[in-house]
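S.K.:
Numbering (my numbering), first residue to last: 238 to 337.
Here it is in structure tokens:
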């Protein structure tokens, strides 16, 4: 992961989890989630962190949520369709804290 002024770039494989919708997520690398947790101190609500993320040409707002020592980035259906994302795809995620 790279980080410049609370901007993050990381890669992760799409996972499916039978928790709250939308069921498909990209987990942050555990070691990088520690940096985000520090940067997001005071910005989280119920453990979730509002972010603006870009995958490919698609930018969207969402909220990360903590799971097993990292954060999961939910992949909305509209994002998955626009970028042709499937389970197990390895994606590059560009992300910043907050919503524009």
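The beta-carbon is built from N, C-alpha and C at its ideal position, and this holds for glycine as well.
Are residue 251 and residue 325 close, meaning C-beta to C-beta below 8 Å?
M.R.: As a working mapping, residue 251 is identified with position 14 in the chain shown. As a working mapping, residue 325 is identified with position 88 in the chain shown. Yes, the pair counts as a contact, with Cβ atoms nearer than the cut-off.
S.K.: Rounded to the nearest angstrom, what separates residue 323 and residue 317 at their Cα positions?
M.R.: Translated into positions along the chain shown, residue 323 becomes position 86. Translated into positions along the chain shown, residue 317 becomes position 80. Their backbone Cα atoms lie some 7 Å apart in a straight line.
S.K.: Where does residue 314 land, buried or exposed, given buried means 16+ other C-beta within 10 angstroms?
M.R.: Looking up residue 314 in the chain shown gives position 77. Counting Cβ neighbours within 10 Å, residue 314 comes out exposed, since fewer than 16 surround it.
S.K.: Could you have a look at residue 273 and say whether DSSP puts it in helix, strand or coil?
M.R.: Looking up residue 273 in the chain shown gives position 36. Correct three-state label for residue 273: helix.
S.K.: Would residue 249 be called buried (16 or more neighbouring beta carbons within 10 Å of its own) or exposed?
M.R.: Here residue 249 refers to the residue found at position 12 of the chain shown. Its Cβ being crowded by 16 or more others within 10 Å, residue 249 is buried.
S.K.: Exposed or buried, which one is residue 296 when buried takes at least 16 other CB atoms within 10 Å?
M.R.: Walking along the chain shown from the start, residue 296 turns up at place 59. That one is exposed.
S.K.: Go ahead and label residue 299 buried or exposed: buried means 16 or more other beta carbons lie within 10 angstroms of its beta carbon, across all protein chains shown.
M.R.: In the chain shown, the residue the question calls residue 299 occupies position 62. Looking at its Cβ environment, which holds 16 or more other Cβ atoms inside 10 Å, residue 299 is buried.
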